[in-house]
């Protein structure tokens, strides 16, 4: 899939994400994701590798610093 095809699919509401060199359709997985539908929807069209491998966390990233 080319970058143009990927972007066109996103514009056509196909829920795709990138993981390493893979393009994944996460539409059927959204309701089963342990972190909730929000996390999948928030990352549609993006590379999720850093989240998948645990290198980044949404927790604590809302402006407040942990004690």
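Numbering (the working numbering), first residue to last: 130 to 196. Just so you know, even glycine gets a beta-carbon here, dropped at the ideal spot from N, CA and C. Owing to the predicted nature of the structure, the values given are computational and were not obtained by experimental measurement.
Proximity below 8 Å, CB of residue i to CB of residue j
i, j, result
"residue 146", "residue 177", "yes"
Under the three-state DSSP convention, the category residue i falls into
i, result
"residue 150", "coil"
"residue 195", "Any answer about residue 195 is weak, because its pLDDT of 47 lies below 50 and its placement is not dependable; what the coordinates show is given next. Three-state result, residue 195: coil."
CB-CB length for residue i against residue j, believed under 8 Å
i, j, result
"residue 158", "residue 169", "7 Å"
"residue 144", "residue 160", "Their Cβ separation, rounded to whole angstroms, is 12 Å, which puts residue 144 and residue 160 out of contact at 8 Å."
Nearest neighbour of residue i, chosen from the options [CA to CA]
i, options, result
"residue 150", "138, 164, 175", "175"
"residue 142", "183, 179, 173", "173"
"residue 179", "162, 131, 148, 138", "148"
"residue 139", "166, 162, 171", "171"
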